[in-house]
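Visitor:
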Amino acid sequence: MHVDLITIYLLAIGTLLASCGMTLWERRGHAGRRQELATLAAGYATLAAGCAAVAVRHALPGAIGSALSNLIMVSGYLLLLRGVAIMNGRRHGALSIGVLAGVALAWVIAGVRWEVPMWNYVSAIPIAFASGMTARELLRGDRARRLQSRDIAAFVAGFHGLFYAARALILPWLAASLGPGMLSAIAKATMYEGVLYSVILPMTLLRFVRDEAHGELLKESRTDYLTGLGNRRWFFEEGMRIIRRADARQPVCLIALDLDNFKAINDRHGHETGDAVLKTFASIAQDALGPEAIFARIGGEEFAALLPGRDCNRARATAEAVVRRFAQAGTPGGAGVEIRATVSIGLAQCGTAGAALTDLLTIADRALYRAKSLGGNRVELAQPAARSQAPRDSVAC
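Going left to right, the sequence shown walks through residues 18 to 414 as my numbering numbers them.
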């Protein structure tokens, strides 16, 4: 079935306007990405306007129609680049202005005399550049939160950029070798590829925004709002994963931590001061435990940490560092009063792979209660006698 260029242009315009509408609709539900989505929607609308201008460019005298439609198209691609760059905290405003100024100057120099090679070949260079920069921005995103949808969008933008780079660099040689019929074939191929681009890129970018929002909600559901640490749910999910992977060559210790006389701090100085003490402790303990520790607030003034790769001796040294640093630190309270608090810690070690985390935490809690009964501000190891009370897959220190 024969499809003329006007039909393909109309198809591209329709898909771009549909992408613009869907992006604006999605913007309503993503407050954190409203600016980015609005910029992307503006880019799709500008590309649609550029396609319309390309379809009627011969209606304007001289090279004005070609120059104007090329500038509109490049503006659309630069808006897409800007929308993606804003996601990474960048904008590329000066770069966009420079590209547009360069395109305008090139058209002024080309004029009517060089309009055809300018349109067929040179005009593809800024589009290739903007698409390549868009792919680069997508790949420069937060690598800690690598999402498949973002990688797909980067591939689509990168392929689009390579396609236009080939049009600028390879097409002149093909046209000279195979004749002018090649230009018509490439023009249709460009439009077909453009239609696919106008469908796949918006869909993958919208999927990325949704995946990112879902990831943020999942993170919030596993994070303690006050201290920024993981919560009880996160601790048990991550902890069970660590214990399942543990073996005899990789000891795993668990410490249970509880602030001493915390209720008295709340009653005397107020809950706001109590919250400040919790934040201070969380910061000190997190720094002392190290980045590999699975450290969480599991309720009130109670915390727990799983220490993979540390035997009892190393874990005890770490726990004692937490006790010592927190006892030496102070938290500003009301009326310029500095609040001093201490912490008690109980420590237990996992004996075999597949141990039950809840049982290990119970053993550490027993040691913690003993530390409190001895006056607090100390570390106590789980006693060997606790082994008879514990399941076989959890072993006390």
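All C-beta atoms, glycine included, are put in the ideal place defined by N, C-alpha and C.
Compare the C-alpha of F180 against each of S148, E154, R167, I114 and name the closest.
Guide: Sequence index remark: in the sequence shown, residue 180 carries index 163 (1-based). When each option's Cα is compared against that of F180, the closest is S148.
Visitor: Going by DSSP, name the residue or residues bridged to G245.
Guide: The sequence position of residue 245 within the sequence shown is 228, counting from 1. Answer by DSSP bridge pairing: none, since G245 is not bridged.
Visitor: Please state whether DSSP places G393 in a helix, a strand or coil.
Guide: Within the sequence shown, numbered from 1, the residue matching residue 393 stands at position 376. In the structure shown, G393 sits in coil (DSSP, three-state: anything other than H, G, I, E or B).
Visitor: When you compare only the Cα positions, how much space is there between G393 and P308?
Guide: Here residue 393 refers to the residue found at position 376 of the sequence shown. Here residue 308 refers to the residue found at position 291 of the sequence shown. So the alpha carbons of these two residues sit roughly 26 angstroms apart.
Visitor: Just the Cα atoms here: how many angstroms apart are R178 and Y242?
Guide: Working through the sequence shown from its first residue, we reach residue 178 at position 161. Working through the sequence shown from its first residue, we reach residue 242 at position 225. Checking the sequence, you will find Gly at residue 178 rather than Arg. In a straight line, the C-alpha of G178 is about 43 angstroms away from that of Y242.
Visitor: For G106, which option in L155, S140, L117, Y26 has the closest C-alpha, if you only look at C-alpha atoms?
Guide: As a working mapping, residue 106 is identified with position 89 in the sequence shown. G106 has its Cα closest to that of L155, out of L155, S140, L117, Y26.
Visitor: Taking three-plus beta-carbon pairs below 8 angstroms as touching, is the region 270-279 in contact with the region 308-324?
Guide: Enough Cβ pairs lie closer than 8 angstroms, so yes.
Visitor: Nearest-angstrom Cα distance between F348 and G317?
Guide: The sequence position of residue 348 within the sequence shown is 331, counting from 1. The sequence position of residue 317 within the sequence shown is 300, counting from 1. One point to set straight first is that residue 348 is Thr, not Phe, in the sequence displayed. C-alpha separation (whole angstroms): 18 angstroms.
Visitor: Among E255, A35, G46, whose alpha-carbon lies nearest the alpha-carbon of P325?
Guide: Here the question's residue 325 lines up with position 308 in the sequence shown. Ranking E255, A35, G46 by Cα distance to P325 puts E255 first.
Visitor: Straight-line CA distance for R108 to F172?
Guide: Position 91 of the sequence shown, counted from the first residue, corresponds to residue 108. Position 155 of the sequence shown, counted from the first residue, corresponds to residue 172. Computed Cα separation, rounded: 21 angstroms.
Visitor: Thinking C-alpha only, which one of A58, F298, A381 is nearest C329?
Guide: By one-based count along the sequence shown, residue 329 stands at place 312. When only C-alpha atoms are compared, the closest one is A381.
Visitor: Relative to the alpha-carbon of L27, which residue among R45, A66, F253, P189 has its alpha-carbon at the smallest distance?
Guide: Within the sequence shown, numbered from 1, the residue matching residue 27 stands at position 10. Checking every option, the nearest Cα to that of L27 belongs to A66.
Visitor: Is T24 buried or exposed, if buried means 16 or more other CB atoms sit within 10 Å of its CB?
Guide: Along the sequence shown, one-based indexing puts residue 24 at 7. T24 is exposed by the Cβ-count criterion.
Visitor: Hey, would you say S140 sits closer than 8 angstroms to L117, going by beta carbons?
Guide: Walking along the sequence shown from the start, residue 140 turns up at place 123. Walking along the sequence shown from the start, residue 117 turns up at place 100. No, the Cβ-Cβ distance between S140 and L117 is not below 8 angstroms.
Visitor: From the DSSP output, read off the bridge partner residues of R275.
Guide: On the sequence shown, residue 275 is found 258 positions in, with the first residue counted as 1. Checking the displayed sequence, the identity of residue 275 turns out to be Asp instead of Arg. Its beta-bridge partners are E319, S361.
Visitor: Straight-line CA distance for T207 to A55?
Guide: For the purposes of this step, residue 207 is identified with residue 190 of the sequence shown, where counting begins at 1. For the purposes of this step, residue 55 is identified with residue 38 of the sequence shown, where counting begins at 1. Roughly 27 angstroms separates the two Cα atoms.
Visitor: Answer yes or no: do L398 and R333 have a C-beta to C-beta separation smaller than 8 angstroms?
Guide: Within the sequence shown, the letter at position 381 stands for residue 398. Within the sequence shown, the letter at position 316 stands for residue 333. Yes, they are a contact pair.
Visitor: Using a Cβ-Cβ cutoff of less than 6 angstroms, which residues in the same chain neighbour E53 once the five nearest sequence positions on both sides are dropped?
Guide: As a working mapping, residue 53 is identified with position 36 in the sequence shown. So the list reads G100, I103, M104, once near-sequence residues are dropped.
Visitor: Tell me which same chain residues have a C-beta within less than 7 angstroms of the C-beta of P189, skipping the five on either side of it?
Guide: As a working note, residue 189 is residue 172 in the sequence shown. Correct list, in chain order: Y138.
Visitor: Going along the chain, which residues of its own chain have a beta-carbon closer than 6 angstroms to the beta-carbon of Q400, five neighbours each way excluded?
Guide: On the sequence shown, residue 400 is found 383 positions in, with the first residue counted as 1. Correct list: empty, nothing qualifies.
Visitor: Going straight from the alpha carbon of A185 to that of G232, what length do you get?
Guide: On the sequence shown, position 168 is the one that residue 185 refers to. On the sequence shown, position 215 is the one that residue 232 refers to. Looking at the two C-alpha atoms, the distance is approximately 40 angstroms.
Visitor: If we ignore side chains and look at the alpha-carbon of each, how far apart do Q165 and R153 end up?
Guide: As a position in the sequence shown, residue 165 is number 148, starting the count at 1. As a position in the sequence shown, residue 153 is number 136, starting the count at 1. Answer to the nearest angstrom: the Cα atoms are 15 angstroms apart.
Visitor: Label V396 either buried or exposed according to how many other C-beta atoms from any shown protein chain fall within 10 Å of its C-beta, with 16 as the threshold for buried.
Guide: Residue numbering aside, residue 396 sits at position 379 when the sequence shown is read from its first letter. Buried, since its Cβ has 16 or more Cβ neighbours within 10 Å.
Visitor: May I ask you to list the residues that DSSP assigns as paired with A313?
Guide: Position 296 of the sequence shown, counted from the start, is the residue given in the question as residue 313. Paired residue(s): G247, A321.
Visitor: Quick one: give me the first and last residue of the alpha helix (DSSP H) that S86 is part of.
Guide: As a first step, residue 86 is located in the sequence shown; it is residue number 69 there, counting from the start. First-last of the alpha helix (DSSP H) with S86: 81-104.
Visitor: By the 10 Å Cβ neighbour count, where 16 or more other Cβ atoms means buried, how is V339 classified, buried or exposed?
Guide: Walking along the sequence shown from the start, residue 339 turns up at place 322. The residue in question, V339, is buried, as its Cβ has 16 or more Cβ neighbours within 10 Å.
Visitor: State the Cα-Cα distance for the pair A370 and K236, rounded to the nearest angstrom.
Guide: Position 353 of the sequence shown, counted from the first residue, corresponds to residue 370. Position 219 of the sequence shown, counted from the first residue, corresponds to residue 236. Only weak support is given to the placement of A370: the predicted model assigns it a pLDDT of 46, under 50, and the question is left unresolved by the model.
Visitor: Which one or two residues does DSSP pair with E355 in a beta bridge?
Guide: Start at 1 with the first residue of the sequence shown, and residue 355 comes out as number 338. Its beta-bridge partners are P349.
Visitor: Please report the distance separating the alpha-carbon of G82 from that of G49.
Guide: Residue mapping note: residue 82 aligns to position 65 of the sequence shown, counting from 1. Residue mapping note: residue 49 aligns to position 32 of the sequence shown, counting from 1. G82 and G49: Cα-Cα distance of roughly 39 angstroms.
Visitor: Buried or exposed: P219, going by 16 or more other Cβ atoms within 10 Å of its Cβ?
Guide: Position 202 of the sequence shown, counting from 1, holds the residue named residue 219. By the neighbour-count rule (16 or more Cβ atoms within 10 Å), P219 is buried.
Visitor: Hey, out of A174, G46, R130, whose CA is closest to Y94's CA?
Guide: Looking up residue 94 in the sequence shown gives position 77. Minimum Cα distance to Y94 is reached at A174.
Visitor: Please return the same chain residues whose Cβ sits closer than 6 angstroms to the Cβ of G350, not counting the five positions on each side in sequence.
Guide: The residue given as residue 350 occupies position 333 in the sequence shown. H286, T290, I356, listed in sequence order.
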